[in-house]
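Beneath this line is the structure, given in structure tokens, with notes to follow.
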Amino acid sequence: MLLLSRTATIPLTIAFLTLALPGCSAMRSYDGELRQTVDLVAQGNIDQALQLQEQNNTNHDNDLLYFLEKGELLRLKNQYNDSVATWLSADTLVNEWENEAKIRGGAILDNIGAILLNDKTRRYDGHDYEKVMLSTQLALNHLLSGHWDLARTEIKKTHEREAIIAQYRAQEIDAVEKESRQKGVSTSFKELNGYPVATLDSLEVSELKNGYQSAFSHYLAGFVYEALNEPSLAAPGYRQAIELRPNTQLLEDGLAGLDRRNSDLNANTTDVLLVIESGAAPALSSVTIPIPVFYNNLGVIPISFPLLHSDPIRTALPHSVSIDAGIPQNVVGITSLDAMAKRALRDDIPSIMLRGVLRAAVKTASQRALMRSDNGYVKLAGIALNVMNVITESADERSWRTLPSLISIARFTLPVGKHTFSVMNSNGITSSESINIDGSHALVAVRTLGDQTYWSQPIYSGQMPVRVAQPSQKIETLDGDKSTRITPQASLNTQTRKNKTKKKVKK
Amino acid sequence: MTNIISKSTAIIALSTTVLLIGCANQTPNLQSGNVAYGDSQAVETLTNEFGSTDLQSIAQSMSNSLLQSPVLRATARPLVTVADVKNHTSEYIDTKAITDTIRAKMLKSGLVRFAVDTSAMKNQTDELIRQNSGLYKKSQSKKLGQMEGADFRIEGSITSIVKRADDVKDIYYKLSLQLINNESGVIEWADEKEIRKTSNQSMF
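Residue numbers (this note's numbering), protein chains in the order written: chain R, 1 to 507; chain H, 508 to 711.
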């Protein structure tokens with residue numbers, strides 16, 4: 001029987017776990033899986049993309065990413081109810097994270113796998129911008145299904161989610177700074193020699209307030225609150241959109257016209273928000289960089305970092321939109337999820353670096369202890385551990401890939417009825433669709449990926465916004481009848497106004 | 508032997524008790540230990556954003572001030588309506604929640620009456636339409652053209668100034684309300700409520 005010294009037991013346990021675990025998530029290439037799925041969507045094969053999604057996730061214990069990607073694919077098929085149900089499963093998982101985040105704010109090492117192997121073994125909680133986009137996408141689905149009250153609930157959830165993320169990240173920054181100072185670890189991404197720092201340091205990325213708040217989410221909040229006749233909540237929605245993306249005329253018009261728009265709308269016109277989602281969110285790959293670390297005399301150690309790859313070829317930017325073959329109107333890109341992903345990664349680099357250093361410290365200490373042993377088998381385990389450490393050192397490639405890369409908007413006031421919407425992208429390709437417009441406010445969404453265009457068909461049922469009562473109009477009186485009839489959209493005012501209207505009719 | 512018997516008796520008695528307890532119709536356990544009710548009036552300082560304490564203190568201060576205004580006391584139960592309280596902040600503050608609380612406090616005093624505001628007008632007209640649709644007895648239907656116009660309207664705005672320096676965030680809120688005579692356009696009453704909140708970095 002092989003007798004082991006106490007000093008070799010712990011390193012051997014770590015070696016065992018390191019050698020045994022690679023079969024699981026530690027070795028999964030999410031980028032490889034989703035590249036095929038996104039390719040299928042770009043070719044118009046949504047059903048095949050959904051099949052592939054199921055094949056890649058045969059595990060019954062589906063994680064957050066499974067629900068996020070599947071919900072998006074179902075939405076592209078215009079299966080709003082199925083998409084909502086799937087995304088609500090994702091939302092439950094995000095909600096669990098939120099509840100934990102309130103308690104363990106600033107926990108930088110919350111999973112033993114992250115210490116022993118790599119960040120892929122951590123439970124996937126979603127990037128911050130993905131958590132926010134989940135409620136925004138859910139709100140879009142509810143709006144397209146005609147459930148404006150449910151959309152309002154999701155939008156309110158977005159505000160609360162942003163507040164939790166802000167508080168959690170502030171605590172995490174404090175914790176990482178404190179731990180880094182104690183261990184003498186530099187966590188500035190600008191000191192990563194060999195990493196394409198320029199990708200995270202562009203003006204577009206630096207100008208963002210943070211990696212999770214989007215101008216689109218807040219503009220949408222403004223639009224929904226306005227539609228539901230809640231101007232006191234619509235105003236901060238438009239205002240925050242302007243703060244997140246300054247100097248954008250369309251966003252400024254949203255706030256400036258808030259008081260005027262409701263009175264301008266009549267019973268036969270609709271305030272239409274057109275949302276154009278383009279491309280796919282950037283992919284993550286792993287790049288390993290040698291980092292000099294003075295902590296525990298580690299020397300120069302290899303640490304893996306995620307590297308973002310944008311997909312400009314398939315992100316043909318929407319150029320203009322025309323209604324009923326009218327004069328084309330430029331659309332405005334207001335949220336780049338590509339830039340937000342980069343900003344989120346940039347903000348996360350200090351935490352990734354610190355986890356990498358702590359992981360290297362544990363692995364190196366175990367390896368050294370095994371190599372010092374007189375037992376040949378234990379030494380062999382030390383060599384095997386060294387090999388596996390190199391193989392398993394890989395950055396987390398997981399991210400919500402079927403999200404769009406860019407979100408653009410345009411806003412119109414249109415007569416109620418069928419209209420032909422035409423979107424032209426920067427490659428000169430035009431896609432048209434006949435869409436029925438109804439109600440006081442309506443939302444039309446379209447997704448472009450490669451040469452494919454996926455149009456939504458809004459459903460007008462459920463809880464539609466009601467037209468704001470306009471006392472100055474729509475009061476009809478019936479001559480010969482002592483009673484007064486009011487049209488459904490109309491409102492009443494005082495006796496005086498009724499009398500005035502009566503006189504008008506008699507003329 | 509006696510000892511063994513007494514032990515067996517005790518075990519049988521215990522088993523029977525356990526079985527009977529199991530069969531009994533028990534009240535379900537409704538407590539997880541993780542949820543607790545709190546005092547809705549307690550001072551809340553969880554975050555530096557506009558919260559329940561701010562809403563309550565603004566509503567209390569404004570309703571007291573309004574009820575003491577000479578113009579409302581000069582008329583017997585004047586009719587008031589609530590117009591828009593504009594939100595000039597970047598925070599999602601539901602100003603209707605503030606005015607609803609003010610209205611409830613004023614109504615409880617019995618000194619004033621309130622007419623439906625614009626947000627409730629749709630429901631009001633829908634109800635009148637239904638009652639005059641021919642489905643109801645004409646004698647019992649509420650007649651059109653009988654709504655009362657409000658003597659006064661309450662309107663106002665909420666603004667904020669946010670400043671950050673090093674680790675400190677300072678937020679200053681100001682809610683301004685006015686009572687306007689609907690016929691003459693005269694501002695009969697006005698008041699302001701200010702709130703200042705300061706927090707360190709971990710809170711924002």
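Note that beta-carbon positions come from the ideal geometry of N, C-alpha and C, so glycine has one too.
Looking at residue i: is its Cβ nearer than 9 Å to the Cβ of residue j?
{"i": "residue 685 of chain H", "j": "residue 662 of chain H", "result": "yes"}
{"i": "residue 699 of chain H", "j": "residue 679 of chain H", "result": "no"}
{"i": "residue 588 of chain H", "j": "residue 660 of chain H", "result": "yes"}
{"i": "residue 141 of chain R", "j": "residue 80 of chain R", "result": "yes"}
{"i": "residue 306 of chain R", "j": "residue 180 of chain R", "result": "no"}
{"i": "residue 347 of chain R", "j": "residue 169 of chain R", "result": "yes"}
{"i": "residue 241 of chain R", "j": "residue 215 of chain R", "result": "yes"}
{"i": "residue 185 of chain R", "j": "residue 251 of chain R", "result": "no"}
{"i": "residue 612 of chain H", "j": "residue 566 of chain H", "result": "yes"}
{"i": "residue 310 of chain R", "j": "residue 405 of chain R", "result": "yes"}
{"i": "residue 422 of chain R", "j": "residue 325 of chain R", "result": "yes"}
{"i": "residue 139 of chain R", "j": "residue 155 of chain R", "result": "yes"}
{"i": "residue 291 of chain R", "j": "residue 356 of chain R", "result": "yes"}
{"i": "residue 402 of chain R", "j": "residue 69 of chain R", "result": "yes"}
{"i": "residue 76 of chain R", "j": "residue 41 of chain R", "result": "yes"}
{"i": "residue 245 of chain R", "j": "residue 334 of chain R", "result": "yes"}
{"i": "residue 456 of chain R", "j": "residue 144 of chain R", "result": "yes"}
{"i": "residue 691 of chain H", "j": "residue 597 of chain H", "result": "no"}
Along chain H, which residues have their Cβ under 8 Å away from the Cβ of residue i?
{"i": "residue 159 of chain R", "result": "599"}
{"i": "residue 163 of chain R", "result": "554, 556"}
Who does residue i pair with in a DSSP beta bridge?
{"i": "residue 31 of chain R", "result": "Beta-bridge pairing links residue 31 of chain R to no other residue."}
{"i": "residue 687 of chain H", "result": "H:660, H:694"}
{"i": "residue 271 of chain R", "result": "R:413, R:441"}
{"i": "residue 679 of chain H", "result": "H:668, H:703"}
{"i": "residue 424 of chain R", "result": "R:320, R:430"}
{"i": "residue 306 of chain R", "result": "R:286"}
{"i": "residue 127 of chain R", "result": "Residue 127 of chain R is not bridged to any residue."}
{"i": "residue 436 of chain R", "result": "R:418"}
{"i": "residue 408 of chain R", "result": "R:276, R:333"}
{"i": "residue 67 of chain R", "result": "Its beta-bridge partners do not exist; DSSP assigns none."}
{"i": "residue 292 of chain R", "result": "R:300"}
{"i": "residue 58 of chain R", "result": "None; residue 58 of chain R has no bridge partner."}
{"i": "residue 153 of chain R", "result": "According to DSSP, which records beta bridges pairwise, residue 153 of chain R is partnered with nothing at all."}
Specify the secondary structure class of residue i as computed by DSSP and reduced to three states.
{"i": "residue 446 of chain R", "result": "strand"}
{"i": "residue 79 of chain R", "result": "coil"}
{"i": "residue 546 of chain H", "result": "coil"}
{"i": "residue 276 of chain R", "result": "strand"}
{"i": "residue 531 of chain R", "result": "No statement about residue 531 of chain R is possible, as the shown extent of chain R runs from 1 to 507 and does not include it."}
{"i": "residue 637 of chain H", "result": "helix"}
{"i": "residue 703 of chain H", "result": "strand"}
{"i": "residue 333 of chain R", "result": "strand"}
{"i": "residue 586 of chain H", "result": "strand"}
{"i": "residue 299 of chain R", "result": "strand"}
{"i": "residue 610 of chain H", "result": "helix"}
{"i": "residue 143 of chain R", "result": "helix"}
{"i": "residue 712 of chain H", "result": "No information on residue 712 of chain H is available, as it lies outside the stretch 508 to 711 that chain H covers here."}
{"i": "residue 458 of chain R", "result": "coil"}
{"i": "residue 653 of chain H", "result": "coil"}
{"i": "residue 621 of chain H", "result": "strand"}
{"i": "residue 171 of chain R", "result": "helix"}
{"i": "residue 89 of chain R", "result": "helix"}
Cβ closer than 7 Å: which chain H residues qualify as neighbours of residue i?
{"i": "residue 466 of chain R", "result": "629"}
{"i": "residue 213 of chain R", "result": "Chain H residues near residue 213 of chain R: none, gap ~11 Å exceeds 7 Å."}
{"i": "residue 239 of chain R", "result": "597"}
At a CB-CB cut-off below 7 Å, which residues of chain R make contact with residue i?
{"i": "residue 592 of chain H", "result": "232"}
{"i": "residue 626 of chain H", "result": "229"}
{"i": "residue 602 of chain H", "result": "232"}
ask   = Which residues, in chain order, does the stretch 217-237 of chain R contribute to contact with chain H at a C-beta distance below 8 Å?
value = Of all residues in the stretch 217-237 of chain R, only 221, 229, 230, 231, 232, 233, 235, 236, 237 come within less than 8 Å of chain H when Cβ atoms are compared, listed by chain position.
ask   = Using Cβ-Cβ distances below 9 Å, what residues of the stretch 264-281 of chain R are close to chain C?
value = No chain C appears in this structure, whose protein chains are R and H.
Residues in the stretch 242-254 of chain R having any Cβ partner in chain H nearer than 8 Å = Taking 8 Å as the Cβ-Cβ cut-off against chain H, the residues of the stretch 242-254 of chain R that qualify are 243.
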